[in-house]
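Residue numbers (this note's numbering), protein chains in the order written: chain A, 177 to 735; chain B, 5 to 313; chain C, 107 to 238. Ideal Cβ placement from N, Cα and C applies to all residues, glycine included. Accompanying notes for the structure given below.
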Amino acid sequence: MGDKYSLEKLKEEKKNWEETKLNKVLSKHPERYEKFYTNSNIEVERLYTELNVQDMDYLEELGFPGEYPYTRGVQPTMYRGRLWTMRQYAGFGTAEESNQRYKFLLSQGQTGLSVAFDLPTQIGYDSDHPLSKGEVGKVGVAIDSLKDMEILFDGIPLDKVSTSMTINAPAAILLSMYIAVAEKQGVSPDELSGTIQNDILKEYVARGTYIFPPEPSMRLITNIFEFCSKNMPKWNTISISGYHIREAGATAIQEVAFTLADGIAYVEAAIKAGLSVDDFAPRLSFFFNAHNDLLEEVAKFRAARRLWAKIMKERFNAKDPRSMMLRFHTQTGGSTLTAQQPDNNIIRVTIQALAAVLGGTQSLHTNSRDEALALPSEDSVRIALRTQQIIAYESGVTETIDPLAGSYYVEHLTNTIEQKAREYIDKIDKLGGAAKAIEKGFMQQEIQDSAYRYQMEVESGRRIVVGVNKFQIEEEPPKGLLKVDPEVGIMQEKKLKELKSSRDNIAVGQALKELEQVAKTDDNLMPVILKCVKSYCTLGEICDILRKVFGEYKASITI
Amino acid sequence: MDIIQSVLNGDKRSIAKLITLVEEKSDDFINILKKIYKYTGRAITIGITGAPGSGKSSLVNKLTRILRTQNKKVGIIAVDPTSPFTGGAILGDRIRMQDLTLDEGVFIRSMGTRGALGGLSRACYDAVKILDASGMDYIIIETVGVGQSEIDIVKLADIVLLVMVPGMGDDVQAIKAGIMEIGDIFVVNKSDKDGADRLVTEIEMTLDLGSSKNSWKPPVIKTIATENYGIVELSENIEKVLKHMMQDDLLNVKRKSRIKQEIISLLTETLIENIIFRYSEKIDMLIEKVLERQIDPYSAMEIIISDVK
Amino acid sequence: MSCTKTIRVLIAKPGLDGHDRGAKVIARALRDSGMEVIYTGLRQTPEQIVEAAIQEDVDVIGLSILSGAHNFLFPRVIELLKEKNAQDILVIGGGVIPDEDIPGLKAAGIAEVFTPGTPTSKIIDFIKSHVK
């Protein structure tokens, strides 16, 4: 970096310092541990100097914001221009209740919506399906048909907000419903902005809400890519997610590696389907986790950005700079929250949110303190949102771009994470790509090993979790937790019955029949799904047809 | 009702409990086994072995479903290795047979190899008898093809299916000596992968080499278990092989040698246990002498044997 | 001859929830403490869980749910065990389970509920001391 004096001299001085000053202290007061590690088990040296980054070429590896390789950020002004989107993931119970929560969040200064769906919706079952019992409205809102979606966004102008939907296997259906609701509001698809998660590979790896086998699932995804490239230029067609991979126990390195490997698989699938890379790649977006190891996390985001840019340019010959930009949403780490002394979670979330902002995130969800106990209450959600606002408006870290660049430690970590992630990606390539690696259980095994090691480190006390294995107290059970009305399931069932008796069932039958026919061809499924949705076919009915044609995925990977 | 009668009636809870008694070598388990033995011998036992990840459990799942369409009752024993260090095991084969769980005519039991040094435990042999007595038409035993268990499977099964996968490094040359001989049917699973046809050819060539004395050659079947491809052919070939074995009396020869082996191994185990128990003091003393080189281990053995006589 | 019984445990995820990190970590920890663990994977119905537990003759069923469906699914497992006359099988549960739900689950017959942050050693000890 600088060259006022030679690196040789620095090396010499450092050695001098170690031999005189340092060793004297060490001999009297040994350090807390023999070796130190990051959260992801990267060994941490005592001191970082220019020597650790001496081979780094500033222009090649860091560059400038908004320019390749985007290490310093994807926009030239970053938060000096516009702050990140504050987007709290929310949804529970019925569409009516969730609609109320969205309006509350928007009134509190939130700038984008993020919809959580319940598990039956995510797995393509209607609320009255036997497997839905006990699950309706629990981890998100229950959506059975366009009717529910109309209620969900009632009074929310869809041309004004951007909406992110955490939906994967049935993403095409929920996107179609969103388009249909917008049309009723007089908003055309090309005006809509938002994101669907639409990332099936990580469902097989870590999150578990898959429906169909990989091949038809990948088809649905590329169908969406194609449809949106023509009709929805402002829509993010996928959010390639490391979040759940990390939650399942992966390290920061594995999070980057497996997410980008999945990304490579999607790009390859789309190219194979006949799309040209610069037509769809600008609308790919990413979703990462933020954990407690502040500087490692910052380095992770920077490394991911640089590595993706290189992959898109070198591997896929992307020409459009936007194809090379890794834009990402961040959520703070749910698995780092503790049920013990839940208020401590506010501090954890602050550190994690800070990491995301210092790492240049485009949008952010901050977890609520009570999420290890239940769905978040309104009070807790407000504190979580305020945490973002305090970072944005009071901490000062937003006033300059990528403020930790040039930190010897952060740059060194960025390099290390990039390099180790690349090694993983090479390994995955050798296994035949992400889909094959998942089929073989490679990613799952690596993640489980990390999860188990982490747990054992906590239990041995080598890793300290405040309030869990140190600084415990006797606690009263927490009060004011949110409870989902157990009647939600019954209400949804009633609504379904009403719907089925009031809709045009002949049109429904025809639409479903057409869906079955198209599913058997190679044609794009989006138009016919849109047609089904508009005739008020239920989510379950649509998925049942697709299950019939595509089959169902059965997980086979064990421990 | 006593456990024997319930097992004979096919009561699943009793079958399960009796297998546990056998696994735990609980008091009286031998007496129970003695009583049910006369009801065994009716089931066909199929052993399935192959490398980890070759898709054995999926094959078992699909094969069972075909047998169920013929209204056959199927017992499945899925064996996974026990850790020699902790004695624990993760028994995960069931995960690929989930859709059989609620089928009345199917019983699935996962077993660890327990103390059997990588081979099949005694309890596994006895579990087969229990399932047999309970009225199963077919009993499928699935073992991971590592160590001793794939050789042991011959002692347990009427028919052995050897499962291989292209490109998993189990080219025929690489397969341990003695393995090719145990297969009555060779299954090339995941046969949509590159190299499937080459693997089939290699297997067939190797079988040609070894089959001079006998005109019968084990069939080689291509399958893709997860897609149900080749499973009907596989089940037809199982019937074919069975028919052939019955015609040439091979099945009886096989079963006879299995009984012989069982009696011999029971004898060996019991005798040795007895001797070690009865002469433990003497053995300890002899160990000291061998250690001090006053005598050698061979002489020590002879001393004990002469005492036994 | 072995003198102590090998404890057999079925680890299951009832319902639609796909978060299996905890279930898998616990499965491994139980294995490493010398138990035989049957892992049945995701999306199991209570009927499947109970039938598998009976065929495997397990001593313990460990249920993990993070989706909030525990109040329905845990008691359902107990109910089915009773129907099948298999209530001697110890049932424990874990996951994101609010404290106020725990008394109800215990009254329904769940022997113990382990919430986030519980060391695996505590679960192992509980099983070892409660399996006869």
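Could you check if residue i is buried or exposed, using at least 16 other CB atoms within 10 Å of its CB as the buried criterion?
i	result
C/Arg137	buried
C/Leu116	buried
A/Glu402	buried
C/Ser108	The predicted position of C/Ser108 is uncertain, since its pLDDT is 42 and thus under 50; a value taken from the coordinates is nonetheless stated next. Burial call: exposed.
A/Phe647	exposed
A/Tyr775	Lying outside 177 to 735, the shown extent of chain A, residue 775 of chain A is not represented and no answer is given.
B/Glu296	exposed
A/Ser626	buried
C/His236	exposed
A/Val443	buried
A/Asn681	exposed
B/Met319	Nothing about residue 319 of chain B can be read from this structure; chain B reaches only from 5 to 313.
A/Gly656	exposed
B/Met209	exposed
A/Tyr181	exposed
B/Met289	exposed
Please compile the residues from chain B whose C-beta is within a distance smaller than 8 Å of the C-beta of residue i.
i	result
A/Ile735	Ile94 and Gly96
C/Leu172	Per Cβ cutoff of 8 Å: no residues; C/Leu172 is ~19 Å from chain B at best.
C/Arg137	Ser87, Thr90, Gly92, Ala93 and Ile94
Starting from the beta carbon of residue i, find every residue of chain C whose beta carbon is closer than 8 Å, and list them in chain order.
i	result
B/Leu106	Glu153, Gln154 and Glu157
A/Val644	Gly223
Along chain C, which residues have their Cβ under 9 Å away from the Cβ of residue i?
i	result
A/Leu307	Gly121, Leu122, Arg149 and Thr151
B/Ile112	Ala158, Gln161 and Glu162
Hey, residue i and residue j are a contact pair by Cβ (cut 8 Å); roughly how many whole angstroms apart?
i	j	result
A/Arg256	A/Glu575	7 Å
A/Thr342	A/Phe293	7 Å
A/Ser461	A/Arg422	Actually they do not touch by this definition, with Cβ atoms about 17 Å apart.
A/Ala731	C/Gly147	6 Å
A/Thr413	A/Phe464	That pair is no contact at about 18 Å.
A/Ser303	A/Pro296	6 Å
A/Ala597	A/Leu470	Not really, about 19 Å apart at Cβ, beyond 8 Å.
B/Ala82	B/Arg98	7 Å
Residues of chain B with CB under 9 Å from residue i, in chain order?
i	result
A/Ser732	Gly59, Ser61, Ser62, Ile99, Arg100 and Thr230
What in chain C is Cβ-close to residue i, meaning under 7 Å?
i	result
A/Gln631	Val131 and Thr226
B/Gly116	Glu142
A/Ile299	Leu122
Please name the residue or residues paired with residue i in a DSSP beta bridge.
i	result
A/His505	A/Phe463 and A/Ser539
A/Gly269	A/Val317
C/Gly199	C/Leu169 and C/Val219
A/Pro252	Note: A/Pro252 sits in no beta bridge, so no partner.
B/Met184	In DSSP, B/Met184 forms no bridge with anything.
A/Tyr213	A/Glu219
A/Phe403	Beta-bridge pairing links A/Phe403 to no other residue.
A/Lys646	A/Val642
B/Tyr233	B/Ile228
A/Gly609	For A/Gly609, which the question treats as bridged, DSSP gives no partner whatsoever.
A/Asn412	A/Thr371
B/Leu166	B/Thr53 and B/Phe190
A/Thr339	A/Leu289 and A/Gly370
A/Leu262	One detail in the question is off: residue 262 of chain A reads as Met in this sequence, not Leu. Its beta-bridge partners are A/Leu540.
B/Ile99	In DSSP, B/Ile99 forms no bridge with anything.
B/Val110	B/Val78
Along chain D, which residues have their Cβ under 9 Å away from the Cβ of residue i?
i	result
C/Thr146	The structure shown contains no chain D; its protein chains are A, B and C.
Along chain A, in chain order, which residues have C-beta atoms closer than 7 Å to that of residue i?
i	result
C/Ala175	Gly310, Glu311 and Lys314
Cβ closer than 7 Å: which chain B residues qualify as neighbours of residue i?
i	result
C/Lys111	Glu28
message: Any C-beta of chain A within less than 8 Å: which residues of the region 191-210 of chain C qualify?
response: Val202, Pro204, Asp205 and Glu206
field: Residues from the region 62-90 of chain B in contact with chain C, defined by Cβ distance under 8 Å
entry: For the region 62-90 of chain B, which is checked against every Cβ of chain C, the residues closer than 8 Å are Thr86, Ser87 and Thr90.
Near-chain C residues of the region 13-38 of chain B (beta-carbon distance less than 7 Å), N- to C-terminal order: Lys16, Arg17, Ala20, Lys21, Ile23, Thr24, Glu28 and Lys29
- request: Name, going along the chain, the residues of the region 379-398 of chain A whose beta-carbon falls closer than 7 Å to a beta-carbon of chain C.
  value: Taking 7 Å as the upper bound on Cβ-Cβ separation, chain C lies near residues Arg383, Gly384 and Thr385 of the region 379-398 of chain A.
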